[in-house]
Amino acid sequence: MQDFEGRTAVVTGAGSGIGRSMAEYAAASGMQVVAADVQADALDETVALVRDAGAEVLGVVTDVGDPAAVEALADAAFARFGAVHLLHNNAGVFQAGVSWQRTRADWEWVMRVNFWGVLYGLQSFVPRLLEQEARGGPDAEIHIVNTSSIAGVSTVAYSGPYVVSKFACAALTESLAHDLAAQGSAIGVSCLVPGAVDTQIARSTRNRPDEPPGEAQAPDHWFVADALGHLIRDRGRPPVEAAALVFDGIRAGRFWIDTSESFETLLAARHAALLDRALPPGAQV
Ligand SMILES: NC(=O)c1ccc[n+]([C@@H]2O[C@H](COP(=O)([O-])OP(=O)(O)OC[C@H]3O[C@@H](n4cnc5c(N)ncnc54)[C@H](O)[C@@H]3O)[C@@H](O)[C@H]2O)c1
1423 MQDFEGRTAV VTGAGSGIGR SMAEYAAASG MQVVAADVQA DALDETVALV RDAGAEVLGV
1483 VTDVGDPAAV EALADAAFAR FGAVHLLHNN AGVFQAGVSW QRTRADWEWV MRVNFWGVLY
1543 GLQSFVPRLL EQEARGGPDA EIHIVNTSSI AGVSTVAYSG PYVVSKFACA ALTESLAHDL
1603 AAQGSAIGVS CLVPGAVDTQ IARSTRNRPD EPPGEAQAPD HWFVADALGH LIRDRGRPPV
1663 EAAALVFDGI RAGRFWIDTS ESFETLLAAR HAALLDRALP PGAQV
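Reading the sequence shown from the start, the letters are residues 1423 to 1707 in my numbering.
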């Protein structure tokens, strides 16, 4: 996809960080924006920013872990704008911890948002996007971006739930690209694998609905979340740079869209270890 003017973007997790910057960048590129987030006040702020920038925008409060809510998001997007050209399944949460110590509720929360949320996005939108593509014309140019993470292509200690959810998202995105190509669809697919970006991700539990008392104190979550918070504040890229890289990646038709200088080094070390039948080195948080 080369031309964004007059097209429509749907972005989940648009109330903060990368999603908000994507919504603003899409607006600045001349797109209409459908912004979705579970946090209503944060979503309202994004909607106001995009509207003030002069773009047409629809805000839809959406919990991506609820398939009915994601279906309602798709209904609302197509009802308002008639077509969707860029779908960015971006909402995500961070859950750290030692794999065997994290509770079932912890695992379910992170998988619900980071994996099932992306899958529900595909289930609700892809059939409509395929119909849109089949109708031909300018609306046939469509691109889907799923946000995984550098933790979706390389592993690290103390972050089992997040790493597993992001590997699942990356594998789902590869499967999506293969499935679409196998069915003769030209819909573009990219997997965003950000390194550190200066967002609110280390404070993800602010939107956790079911947090059992005491869970928030789990030291193996909080010491990593705290370290991550410092890391992204000190070394994270501004989210607007990540959004610019996403748009560059879409224009270039890249499947992997990375944002950090360590991407190639990490991947090279991982692949060397895999070929040696050895455990890939873990990145330090
Ligand atoms: N910031 C980083 O360093 C980094 C690195 C790699 C990957 N990522 C990924 O980038 C994506 C965006 O995160 P961010 O860094 O901008 O964090 P962020 O916390 O600033 O933004 C995430 C947004 O997702 C929303 N959200 C949470 N649960 C939701 C749900 N159930 N339904 C809908 N929206 C929900 C939050 O309300 C928030 O607005 C996530 O998938 C994250 O895992 C971030």
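Here a beta-carbon is modelled for each residue, glycine too, at the ideal position from N, C-alpha and C.
Note that the structure is a prediction, hence the values are computed from the model and not measured.
For P1660, the distance from the CB to the nearest heavy atom of ligand 1 is not below 7 Å. A residue is called buried once 16 or more other Cβ atoms fall within 10 Å of its Cβ, and T1687, having fewer, is exposed. S1546 carries a helical assignment under DSSP once its states are collapsed to helix, strand and coil. Q1454 carries a strand assignment under DSSP once its states are collapsed to helix, strand and coil. Burial state of W1538 is buried, judged by a 10 Å Cβ sphere holding 16 or more other Cβ atoms. Fewer than three beta-carbon pairs drawn from the stretch 1667-1684 and the stretch 1546-1561 are found closer than 8 Å, and the two stretches are therefore not classed as touching. When the alpha-carbon of L1614 is set against those of L1471, W1644, E1596, S1607, the nearest one is in E1596. Here H1507 carries a coil assignment [DSSP, helix/strand/coil]. If you look at V1611, you'll find it in the beta strand (DSSP E) that goes 1610-1615. Contact check for C1591 against G1574 passes: the beta carbons are separated by less than 8 Å. In this structure, A1431 is the residue among R1699, L1696, A1431 with its C-alpha nearest to the C-alpha of E1563. Relative to the non-hydrogen atoms of ligand 1, the Cβ of G1437 comes within a distance shorter than 7 Å of at least one. Between the beta-carbon of A1436 and that of A1450 there is about 14 Å, and that puts the pair past the 8 Å contact cut. The criterion of a C-beta distance shorter than 8 Å is not satisfied by D1642 and Q1545. Not one heavy atom of ligand 1 falls within 7 Å of the beta-carbon of F1500.
Leaving aside the five residues that flank G1476 on each side, the residues in its chain whose CB is nearer than 8 Å to its CB run, in chain order, A1449. Around the beta-carbon of D1474, fewer than 16 other beta-carbon atoms lie within 10 Å, marking it exposed. T1430 is bridged by DSSP to Q1454. By the 16-neighbour rule on beta-carbons within 10 angstroms, H1600 is exposed. In this chain, the alpha helix (DSSP H) harbouring T1687 covers 1685-1697. Here the C-alpha atom of F1547 lies approximately 9 Å from the C-alpha atom of V1506.
Within 7 Å of the C-beta of I1566 there is not a single heavy atom belonging to ligand 1. Taking a C-beta distance under 8 Å as the contact criterion, K1588 and S1570 qualify as a contact pair.
In the three-state reduction of the DSSP assignment, D1485 falls in the coil class, being assigned neither a helical nor a strand state. Under the 10 Å beta carbon count, A1690 is surrounded by fewer than 16 other beta carbons and is classified as exposed. Annotation for P1661: G1439, I1440, S1443, V1619, T1621 place their beta carbon closer than 6 Å to its own, counting only its chain and skipping 5 residues before and after. Closest option to V1535, judged by alpha-carbon separation, among A1579, V1486, F1426, V1578: V1486. With contacts defined by Cβ atoms closer than 8 Å, G1481 and D1466 form a contacting pair. Bounds of the beta strand (DSSP E) holding D1680 are 1678-1680. Check the Cα spacing between V1456 and each of P1489, Q1517, A1498: the tightest is with A1498. If you ignore the 5 residues before and after A1665, its C-beta comes within less than 6 Å of the C-beta of S1443, M1444, Y1447, all in its own chain and listed in chain order.
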